[in-house]
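Numbering (the numbering used here), first residue to last: 1 to 433.
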């Protein structure tokens, strides 16, 4: 397999590099050498819970499938035609296997210190050989229903999804990744196969291996388990962001659950999403620096809220951007979340009036750079971050360079349109009376 076309990605700044190989099957294989005790492999597809509406290959009209089907597929792929469970096989090899579904991707993974060849072979085999029956699908409905109930009983999850439901009117991101008990009952073996054929074509997937392994070994194993011909192209996706208004759908979402203190999530909807992947990464870097300037523990706002006992210590914040959705969010515990929101909005307007601090900008930029560098200390972080960048058609090692390019003027310009009152949703889970 040494004749495969390949490309090497290198960052002199980070001292890191990896190589991408284009397999004849259409699968891109990434090998990231790292001298660590464990090896981590991830086999993923650019398919998540928001991809419920799409135009199948060869069709002219879009179809819509039940909510939760991407997550359902993730569960079912571990079940093999011979009745075996791939989780058990990984355990026999001494490998730690797992899988996850997010809004825009699904990943199957393992880490191991021994039996790498057997584990990688198993990973490729079970993901590329789906087997669904009516009986197994019906049995899985009961299992996933229990998982949905667990999430519905989680105040943190309900508060988070309340924020999304408040920001978005129609976008699939407002619905639970697992779907609902009603939606998963609409799933059949036929719909699973339809979605598998649409999104699990190898040209829509990536295989990533990070650890103390050689590219030759990875390619030899992969080639023995992959088809020799290219898979069909991926389906046409529907960009739901195009239909969303810039303002939040609802300003307030309130629920009551078994909590000792109110939980809150504050979301600022953002529909100004760059089409170009590198520009999206630049916006992510700019907004991340801006969030650090405004909301970090080193800032005036956090210290004011905490000293006056308006919030509990662990207030989280962050910016999320993908091809079809973007938002800023803050979350935590507070006796009076409405007052916390008012304080945040007052602080933002105060900063608008006085201007951002260049000293805060330089500090925040150093923090974001340090976090970026630290992420390369873990094979797990490397592989998962690399897959996230692949799903955005972006390049992992370039992000640190993008951070370095961000100027104070970039952040000031972004701040002009960020955190507008009409874009905000306050989601609160209050204690039961």
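Quick reminder that beta carbons are idealized off the backbone N, C-alpha and C, glycines included.
Distance from the CA atom of residue 282 to the CA atom of residue 292, rounded to whole angstroms, is 15 Å. DSSP places residue 100 in the uninterrupted beta strand (DSSP E) bounded by 96-101.
The count of Cβ pairs closer than 8 Å, one atom from the stretch 345-353 and one from the stretch 313-328, stays below three, leaving the stretches out of contact. One Cα belongs to residue 289, the other to residue 372, and the distance between them is close to 12 Å. Under the DSSP assignment, residue 15 falls outside any alpha helix (DSSP H); it carries neither an H nor an E label. In chain order, 166, 167, 168 and 169 place their CB closer than 7 Å to the CB of residue 249, counting only its own chain and leaving out the 5 sequence neighbours on each side. The DSSP-derived three-state label of residue 140 is helix.
Membership of residue 333 in the beta strand (DSSP E) is indicated by the continuous run 326-333.
Collapsing the DSSP output to three states places residue 219 in a helix. Apart from sequence neighbours up to five positions away, the residues of its chain that approach residue 326 with a beta-carbon distance below 7 Å are 270, 273 and 320, ordered along the chain. Judged by DSSP secondary structure, residue 255 falls within the beta strand (DSSP E) whose first and last residues are 252-257.
Judged by DSSP secondary structure, residue 337 falls outside any beta strand (DSSP E) and instead within the alpha helix (DSSP H) spanning 337-354.
In the DSSP assignment, residue 428 falls within the unbroken beta strand (DSSP E) covering 424-431.
DSSP places residue 166 in the helix class (H, G or I) of the three-state scheme. Looking only at 14, 374, 232 and 44, the smallest Cα-Cα distance to residue 56 is reached by 232.
DSSP places residue 264 in the uninterrupted beta strand (DSSP E) bounded by 263-269. For residue 377, the number of other beta carbons within 10 angstroms of its own is below 16, and it is reported as exposed.
For residue 382, the enclosing alpha helix (DSSP H) covers residues 379-391. Beta-bridge partners of residue 40 (DSSP): 111 and 210. Between residue 101 and residue 200 a beta carbon distance of about 13 Å is seen, past the 8 Å cut, so the two are scored as non-contacting.
The DSSP-derived three-state label of residue 85 is strand.
Excluding the 5 residues flanking it on each side, residue 110 has same chain C-beta neighbours closer than 7 Å at 41, 90, 95, 96, 97, 119 and 123, in chain order. Residue environment: residue 12 is assigned as exposed (fewer than 16 neighbouring CB atoms within 10 Å of its CB, all protein chains considered). If you check the CB distance, residue 406 and residue 32 do not come in under 8 Å. Where residue 367 is concerned, the enclosing alpha helix (DSSP H) starts and stops at 358-374. Distance from the CA atom of residue 207 to the CA atom of residue 20, rounded to whole angstroms, is 10 Å.
With respect to residue 286, residue 410 sits close: the two C-beta atoms are nearer than 8 Å. For residue 191, the enclosing alpha helix (DSSP H) starts and ends at 189-199.
Fully enclosed alpha helix (DSSP H) runs of no fewer than 4 residues occupy 69-76 of the stretch 41-79, in order along the chain. With contacts defined by Cβ atoms closer than 8 Å, residue 419 and residue 361 do not form a contacting pair.
As the crow flies, the alpha-carbon of residue 195 is around 43 Å from that of residue 313. Secondary structure of residue 249 (DSSP, three-state): coil.
One alpha carbon belongs to residue 257, the other to residue 230, and they sit about 51 Å apart. Cβ neighbours of residue 339 within its own chain (closer than 7 Å, five residues either side excluded): 310.
Counting every other CB atom within 10 Å of its CB across the protein chains shown gives residue 129 a total below 16, marking it as exposed. Assigned with DSSP and collapsed to three states, residue 24 falls in coil, not helix or strand.
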